[in-house]
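Residue numbers (our numbering), protein chains in the order written: chain G, -15 to 296; chain S, 74 to 425. The beta carbon of each residue, even a glycine, is placed where N, CA and C say it ideally should be.
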Amino acid sequence: MVKARNLEERLIRMYKQNDGYFWIGGPGEEAFNVPLGMMIKKGMGLDHDFLHLHYRSSAIMLAMGAEPIDSMRQMKNVAADPYSGGRNFANHYSKREWNVVPVTSTIETQYATAIGTGIGQTKKGCTGITIVNGGDAGTAEGEFASSLVWASRPDFNLPILMIVTNNQYGISTPACTQHGEKNVADRGTAFGIKNAVIDGNDVETSWFALKEAIDYVRTERKPFLLEARVSRLYGHSSASGANFVAGEDDCLVRFQNQLEKAGVLSRKEMDALHETYNTKMIEESKQVKQESMPSGDTIYDHIYYGQKGRYW
Amino acid sequence: MANMAQAIRMALHYGEKNLNLEHVFGEDVGPPLGGAFTVTQGLTKSWNSPLDERGIVGAAIGLAYANVRCVAEVQFCDYIYNTIDLLKIGGMSTWASNGDWPTPFTIMTIVGAGIRGSIYHSHSFDATMTHIPGFKIVMPSNSADAYGLMLACLKENNPTMYLAPKALLRVESEGLIPGEPANKKELKEMIDAPLGDRSKWKPRWPTGLEDATVEIGKGKIVREGEHVTLVTYGRHVLIARDVADKLKQEGISVEVIDLRTLWPYDWDMISNSILKTKRVIFVNEDTEVTNFGEHLLRRTIEEHFYTLHARPRLLAGAFVPGIGLADPLESASVPQASDIEKACREIVAERP
Chain G
-15 MVKARNLEER LIRMYKQNDG YFWIGGPGEE AFNVPLGMMI KKGMGLDHDF LHLHYRSSAI
45 MLAMGAEPID SMRQMKNVAA DPYSGGRNFA NHYSKREWNV VPVTSTIETQ YATAIGTGIG
105 QTKKGCTGIT IVNGGDAGTA EGEFASSLVW ASRPDFNLPI LMIVTNNQYG ISTPACTQHG
165 EKNVADRGTA FGIKNAVIDG NDVETSWFAL KEAIDYVRTE RKPFLLEARV SRLYGHSSAS
225 GANFVAGEDD CLVRFQNQLE KAGVLSRKEM DALHETYNTK MIEESKQVKQ ESMPSGDTIY
285 DHIYYGQKGR YW
Chain S
74 MANMAQAIRM ALHYGEKNLN LEHVFGEDVG PPLGGAFTVT QGLTKSWNSP LDERGIVGAA
134 IGLAYANVRC VAEVQFCDYI YNTIDLLKIG GMSTWASNGD WPTPFTIMTI VGAGIRGSIY
194 HSHSFDATMT HIPGFKIVMP SNSADAYGLM LACLKENNPT MYLAPKALLR VESEGLIPGE
254 PANKKELKEM IDAPLGDRSK WKPRWPTGLE DATVEIGKGK IVREGEHVTL VTYGRHVLIA
314 RDVADKLKQE GISVEVIDLR TLWPYDWDMI SNSILKTKRV IFVNEDTEVT NFGEHLLRRT
374 IEEHFYTLHA RPRLLAGAFV PGIGLADPLE SASVPQASDI EKACREIVAE RP
């Protein structure tokens, strides 16, 4: 969690120092996303979990073993960015080796593509599941309804964990001004999809809720809709300033207090951990600044698989 | 010979048996209907999906990520427009991941006018689709190509868009697909589902079907000619061919190119033909503004301006919101044989 928070704050600093054109990310979702990342059956192909993520998922990736410096490379859009080669915004991950499909800026389309890997994973004996996440505002899009319908077809249920991280906002628009439903997860009930609403700012709650949901999807081969109430600590994106938002419940502060109270870690130890990551990431961001941009003559590369250069 | 619907059906059967085709789905694609145009009757891997084009296209992309090969059908291209952002994603994933992800999937959709389909069963999709990079886009004009281009799509490691001209789905072509019985009545009895109760029906597939892949990116010269080049695809290939045959009797020699693949298209074939005839007309039925033919015109002008003996032309659909149902309305909306004939006569009469 500390590493993930440090990364997001480093990315924001990079944006503010003109080392990147745009920031969007997930500070405030660590209590939910770190446990999720730790539970992924990581690997490539149908017997591993497929991840259709949105752009607030850095903590999931780090918990799976991603290196912070690679996120900085994408922030700075250098050629060595392993997720998009400098083509995409920060936190738009893609990693075939781990079944992380390309994150898109389009809202909610990931719920439609999740249907496909879910269908693939209905194959007999398959142990992998599909996990898709997105925000609350995007659930108004048609693709969210698509995923509910397709995942719950009679006799053809799909092993998909549908996650909605509900931060109560769509950019600047409060959810309560646009949505009449009390909980997004309630929509699952109409489709016979098991669902739950949890406090995603609490590590323990998130851990056990995710464990239950993932175990259910993995063993029953049926969908689960999990709504996690989370915070958005730096606003929507750099478009809204990327400044710390006072008054939001900070899951990291809460967890640190719990750890301190329980005597697991002292405040000094936790501060030291923060400082270690901070120092390391400052050095890494300096390194990234020295790395090369992609060359303009590569724009035609990879339009087709294995193809390079202008082909027409 | 097989009609186009039967040819596509046999290609999908071949794919199920030999090319790891695991899912064929869409609205009414599975039994009992087997597709609104019977294209997917009798297949073992076909199934009905919810009435949800976004789900259909999204599922196809996801299956591609899972490396599970599928053909997903959108019943009419008129209803594919609500999937544009997913089509963009499908065409983009390999590029956006800097080459990390292959995305092998095929979307098949039924296109074009010619059967009095009214406002929402007559649209074309080639102009819109050729604006979406990352796909390979094919459109057959005869049964052998319908069969061979589908096999090519099923072998691709990239997104493919298979545009099937609805006016041709019941049209039989000359020649046989390798393995197809010569007697068309016999073929019908073997692979066309009977009317009425089909619950116990099973197809008897021709046993000797062969791999007769038509390479993506290669056009075909349907009629050789000297005076003017007609470049077209889909159902207008048949119309252009008939016009060429008619004009030949009057001494006007028309070369007809069936593009077969819209993207990436066979520029060498077009270019060589233009260098020979020095006159070119592009023909298609999608709306004329920002039409794919306009791109071909632009390239013709940029590369062959000083070679041309007449201004190049585009015959395309009228820029109107839809195709009106009444005969005179449809005829006025999309190029007719008489329009093509007139354009040919005018262009060969034109002197530099």
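{"Query": "Counted within 10 angstroms of its Cβ, other Cβ atoms place Tyr(-1) (chain G) as buried (16 or more) or exposed", "Result": "buried"}
{"Query": "At least 3 beta-carbon pairs within less than 8 angstroms: the stretch 143 to 151 of chain G vs the stretch 176 to 184 of chain S", "Result": "no"}
{"Query": "CB-CB length for Ala84 (chain S) against Glu253 (chain S), believed under 8 angstroms", "Result": "11 angstroms between Cβ atoms; not a contact."}
{"Query": "Beta-carbon proximity check, Ala145 (chain S) vs Ala186 (chain S), cutoff 9 angstroms", "Result": "no"}
{"Query": "Proximal residues of chain S, C-beta to C-beta of Gly184 (chain G) below 8 angstroms", "Result": "Within 8 angstroms Cβ-Cβ: nothing; Gly184 (chain G) doesn't reach chain S, min ~25 angstroms."}
{"Query": "Cβ-Cβ distance between Pro11 (chain G) and Tyr261 (chain G) below 9 angstroms", "Result": "no"}
{"Query": "Cβ of Val248 (chain G) within 9 angstroms of any chain S Cβ", "Result": "no"}
{"Query": "For Val184 (chain S), the nearest candidate out of S:Trp340, S:Leu222, S:Phe110, S:Pro206 (CA to CA)", "Result": "S:Phe110"}
{"Query": "Proximity test, Cβ basis, 9 angstroms: Ile162 (chain S) and chain G", "Result": "yes"}
{"Query": "Residues near Arg205 (chain G) by beta carbon distance below 6 angstroms, same chain, minus five either side", "Result": "Pro143"}
{"Query": "Euclidean distance between Cα positions of Ile198 (chain G) and Asn241 (chain G)", "Result": "28 angstroms"}
{"Query": "Bounding residues of the beta strand (DSSP E) (the contiguous stretch that carries Asn239 (chain G))", "Result": "Checking the displayed sequence, the identity of residue 239 (chain G) turns out to be Phe instead of Asn. No beta strand (DSSP E) holds Phe239 (chain G); the alpha helix (DSSP H) holding it covers 235 to 246."}
{"Query": "Endpoints, the beta strand (DSSP E) within which Thr350 (chain S) is located", "Result": "Looking at the DSSP string, Thr350 (chain S) is not in any beta strand (DSSP E); the run it does join, the alpha helix (DSSP H), is 340 to 350."}
{"Query": "Ranges of the beta strand (DSSP E) found wholly within the stretch 246 to 311 of chain S, counting only runs of at least 3", "Result": "293 to 296, 301 to 305"}
{"Query": "Residue range of the unbroken alpha helix (DSSP H) whose run includes Asp170 (chain G)", "Result": "170 to 174"}
{"Query": "For Phe128 (chain G), the three-state DSSP class (helix, strand or coil)", "Result": "helix"}
{"Query": "Spatial distance of Phe73 (chain G) from Ser170 (chain S) (CA atoms)", "Result": "12 angstroms"}
{"Query": "Gly307 (chain S) burial status per 10 Å Cβ neighbour count (16 or more: buried)", "Result": "buried"}
{"Query": "Residue-level contact to chain G via CB, Ala200 (chain S), 9 angstroms cutoff", "Result": "no"}
{"Query": "Enclosing beta strand (DSSP E) for Thr334 (chain S) [first to last residue]", "Result": "334 to 336"}
{"Query": "Beta-carbon contacts of Met59 (chain G) that lie in its chain and below 6 angstroms, excluding the five residues immediately before and after", "Result": "Leu(-5), Met(-2), Gly4, Ala74"}
{"Query": "Separation of Ala98 (chain G) from Ala137 (chain S), as counted between CA atoms", "Result": "11 angstroms"}
{"Query": "DSSP bridge partner residues for Asn141 (chain G) (one or two, in chain order)", "Result": "G:Ser136"}
{"Query": "N- and C-terminal bounds of the alpha helix (DSSP H) containing Ser190 (chain G)", "Result": "187 to 204"}
{"Query": "Proximal residues of chain G, C-beta to C-beta of Arg127 (chain S) below 7 angstroms", "Result": "Ala96, Gly126, Glu127, Ser130"}
{"Query": "Cβ contact check for the stretch 76 to 87 of chain G and the stretch 21 to 38 of chain G: 3 or more pairs under 8 angstroms", "Result": "yes"}
{"Query": "Length-filtered (4 minimum) alpha helix (DSSP H) runs lying within the stretch 4 to 28 of chain G", "Result": "14 to 23"}
{"Query": "Within-9 angstroms CB hit, Thr101 (chain G) to chain S", "Result": "yes"}
{"Query": "Where Arg171 (chain G) meets chain S, residues with beta-carbon distance less than 9 angstroms", "Result": "Near Arg171 (chain G) there are no residues of chain S at all, since even the closest Cβ is about 16 angstroms away, more than 9 angstroms."}
{"Query": "Chain G within 9 angstroms of His96 (chain S), Cβ atoms only", "Result": "yes"}
{"Query": "Reference Gly104 (chain G); option with closest CA among G:Glu253, G:Trp134, G:Asn117", "Result": "G:Trp134"}
{"Query": "Buried or exposed (CB count within 10 angstroms, at least 16 for buried), Arg57 (chain G)", "Result": "buried"}
{"Query": "Sheet register partners of Leu209 (chain G) (DSSP bridge)", "Result": "G:Met146, G:Asn179"}
{"Query": "Beta-bridge pairing of Val356 (chain S) - partner residues as DSSP gives them", "Result": "S:Leu388"}
{"Query": "Close Cβ partners of Leu124 (chain S) (< 8 angstroms) along its chain, the five nearest in sequence each way excluded", "Result": "Glu100"}
{"Query": "Thr380 (chain S) at chain G interface by Cβ criterion, 9 angstroms", "Result": "no"}
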